[in-house]
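Please read the structure below before turning to the comments.
Numbering (our numbering), first residue to last: 1460 to 1638.
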């Protein structure tokens, strides 16, 4: 009988540094989409059960280990802890843990790398820590969240992990050659 081996989307890729930018695969823990039922207030029970504020549109709250990311109209992605079962009274909860690839892109030129792949202004003047957007990353649908002064959390569907790695490596190399 074959023995199954659990692997991450990028097979536990070691961090990759090109120029001033580092790309690293990240394990966000359990990923749960939370879609509140119509006309229901979920902010209070969500904060009470997870200690994280319900994010406004295009915002993320919390930190590594317990982060809430706006994930589209009337939907939030809880990254980290298992959702409290009482939230099911207020929202539809769907496990997304195996559906997404997550990486961090950090360094002085991270904005320049993303400028080659994302059709949004991700400069520090406009896209501050805690800002998030659903957008294209090259030709893939994805999520971009600023989690530090020069650090971004990028998420695409797991099936696009190799493509994300390829596109980011090319953009990182392109930016590095300018120096």
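Every residue, glycine too, gets a C-beta built ideally from N, C-alpha and C.
Note that the coordinates shown come from a computational prediction; the quantities given were computed from them, not determined experimentally.
Quiz item: By DSSP, does residue 1484 sit in helix, in strand, or in coil?
Solution: If DSSP states are grouped into helix, strand and coil, residue 1484 belongs with the strands.
Quiz prompt | residue 1566 burial status per 10 Å Cβ neighbour count (16 or more: buried) | solution = Around the beta carbon of residue 1566, 16 or more other beta carbons lie within 10 angstroms, which makes this residue buried.
Quiz item: Looking at C-alpha atoms only, which residue of 1522, 1511, 1561 is the closest neighbour of residue 1543?
Solution: Scanning 1522, 1511, 1561 for the CA closest to the CA of residue 1543 turns up 1511.
Quiz item: What distance in whole Å lies between the Cβ atoms of residue 1530 and residue 1575, which are believed to be in contact at a cut-off of 8 Å?
Solution: Wrong, their Cβ atoms sit about 24 Å apart, outside the cutoff.
Quiz item: Just checking, does the stretch 1551 to 1566 make contact with the stretch 1486 to 1501 on the three C-beta pairs under 8 Å criterion?
Solution: Because the criterion of three Cβ pairs below 8 Å is met, the stretch 1551 to 1566 and the stretch 1486 to 1501 touch.
Practice problem: Report the rounded CA-to-CA distance for residue 1477 versus residue 1613, giving the unit in angstroms. | Solution: Across the structure, residue 1477 and residue 1613 are spaced so that their CA atoms are roughly 17 Å apart.
Quiz item: What are the residues that DSSP puts in a beta bridge with residue 1603?
Solution: Residue 1603 pairs with 1592, 1613.
Exercise. Hey, could you find the ends of the beta strand (DSSP E) residue 1526 is sitting in?
Key: Per DSSP, the continuous beta strand (DSSP E) segment holding residue 1526 begins and ends at 1525 to 1531.
Quiz item: If you check the beta carbons only, do residue 1628 and residue 1562 fall under 8 Å apart?
Solution: No, they are not a contact pair.
Practice problem: Less than 8 Å between the CB atoms is what I'm expecting for residue 1615 and residue 1623, so what's the real figure, rounded? | Solution: Confirmed, about 5 Å.
Self-check item: First and last residue of the uninterrupted beta strand (DSSP E) at residue 1550
Solution: 1550 to 1554 is the extent of the beta strand (DSSP E) around residue 1550.
Quiz item: Which whole-angstrom value describes the C-beta separation of residue 1572 and residue 1564, a residue pair presumed to lie in contact below a C-beta threshold of 8 Å?
Solution: Sure, about 6 Å apart at Cβ, within 8 Å.
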